[in-house]
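Residues in the sequence shown are numbered from 0 upward in steps of one, following numbering that gives the first Met the number 0.
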Amino acid sequence: MTRTVRTICLGLLGLVAGCDGLTPPQTLPPPLDSQLRETLSRVGAIPIGPMPVQDPALVDLGQALVFDKILSGNRDIACATCHLPSQHAADGLSLAIGTGGSGAGPSRSLGPGRQFVPRNAPSLLNGGLGLFYLFWDGQVARSGFGPLPPGQDGGGFVTPAGTLLPAVPNILAAQAMFPVANRREMRGERGDLDAFGNPNELAQYGDSQFVEIWQAIMQRLLALDAYKAKFAAAFPGTLASQLGFQHAATAIAAFEMQAFTKTDSPFDRYLNRDDAALTTAEKRGALLFFGKAQCSSCHSGPFLGGGSFANAGVPQLGPGTGGGAPLDLGRGGLKDQSFYKFAFRVTPLRNVELTAPYMHDGAFPTLEAVVRHYNDVTLALRTYDVAQLAPELRPLYHGDVATINTVLETLDFRLRRSLGLTDDEQRDLVAFLKSLTDPAARDLSALIPAAVPSGLPVGP
């Protein structure tokens, strides 16, 4: 080969046939969509399946119950107080404020002598059906999945009520049985007076007297003709004497499934083969989520979470729970679950953009703060800025060296080293997380009924 021909070949970057001895040209990376679709196929990412059609009469009853303060011991708080439509079925607070409080949403304040609920009130958006665990510590779970406490299986679910739990049709209904029994959330304390100055009869029972508590609530409901009619329509053929709070919980679950399941996010559309559904930044962020950033090692399945537990090195905040107080041991605080010390349920990420603040105690006000935390968990925990919290919560932050070291001792092994994400990569990751928002989830105001059967002010 002559020098001239060889020079031409080199100038054409080896594209001319017959240029023996030249280094083959570098292969260009596949287009972004090709990379992402191969990644999604490899990790098994799938859209959320369709929600079963709900009986309108059941949904109607459930809607009334969710917004009616009659379910609370003091008749001063409804389910919707901590799951407001205006706050995307959450409350906008780091730690929830239960019975005895005043106001709604981020402006809600504690009542005299009351304490914060120890944990953040998670949004009800895409919150239950199809998941294996509910509550931050997974205290409500499907039977037969994962490491569950022995001897607590009742009605097909593991719950705090054990075998006292009556039969319910799904995990959302199982979950709905318990906020009404929690003193700080809805039931109230012994000696409390209700909104009319009458003794709170629900508060007289012990914390493990679930059956008596549920029966007392049903006595309230069935004393009202309007609720009698709604229960009769929702459960035709069931005598009033056979109705229990499990029927109310079933209706609440039906309302939640119909009202709060939102499955038309840009990411859902992309999974359904619409390449234009995501922006370039969102696609780059998705590649990071399912790749370098390792998010999907925990946030997996159609809901991108909800099926496992992890100690993510979250700052400790609040009054704490159980024997670990003033700290919150998470799942590790449950019986026979000490292995999970400081581990909490991996949050499902659908519509996560709308549900700040984040983590089990609302320690982070923005998705950007969450991503920075995960980029280097050890450094982030040791340098946590308490100014991120509302002023009234700052004294409840447990930032002493001993607590931080104790949390880090059982930090999830996947989070023990820095991810090394650049600022641009962190921005792309946040962009992807925002692509999980269904536009229909942004405005839930149509769910608020004009009135509730008790005649009490509509929650919150």
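Glycine residues also receive a C-beta, built at the ideal position from the N, C-alpha and C atoms.
A quick note: this is a predicted structure, and the numbers were derived from the prediction, not measured.
| Check | Outcome |
| --- | --- |
| Close beta carbons around residue 343, own chain, < 6 Å, minus the five adjacent residues each side | 135, 329 and 359 |
| Alpha carbon of residue 453 to alpha carbon of residue 69, nearest angstrom | 7 Å |
| Contact under 8 Å by Cβ, residue 63 with residue 334 | no |
| Residue nearest to residue 244 in terms of C-alpha spacing, selected from 313, 310, 312 and 167 | 167 |
| Residue 413 versus residue 89: straight-line alpha-carbon distance, rounded | 29 Å |
| Beta-carbon spacing of residue 185, residue 45 below 8 Å | no |
| Residue from 436, 382, 49 and 292 whose Cα sits closest to the Cα of residue 424 | 292 |
| Where the beta strand (DSSP E) through residue 141 begins and ends | 139-141 |
| Helix, strand or coil at residue 157 according to DSSP, with G and I counted as helix | strand |
| Beta bridge counterpart(s) of residue 101 as assigned by DSSP | 108 |
| Residue 366 (DSSP reduced to helix, strand or coil) | helix |
| Host alpha helix (DSSP H) of residue 246 (start-end) | 244-259 |
| Identified DSSP bridge partners for residue 308 | 344 |
| Under the three-state DSSP convention, the category residue 390 falls into | helix |
| Rounded separation between residue 280 and residue 430 - CA only | 6 Å |
| Helix, strand or coil at residue 316 [DSSP, three-state] | strand |
| Terminal residues of the alpha helix (DSSP H) in which residue 212 lies | 209-221 |
| Extent of the continuous alpha helix (DSSP H) to which residue 404 belongs | 400-408 |
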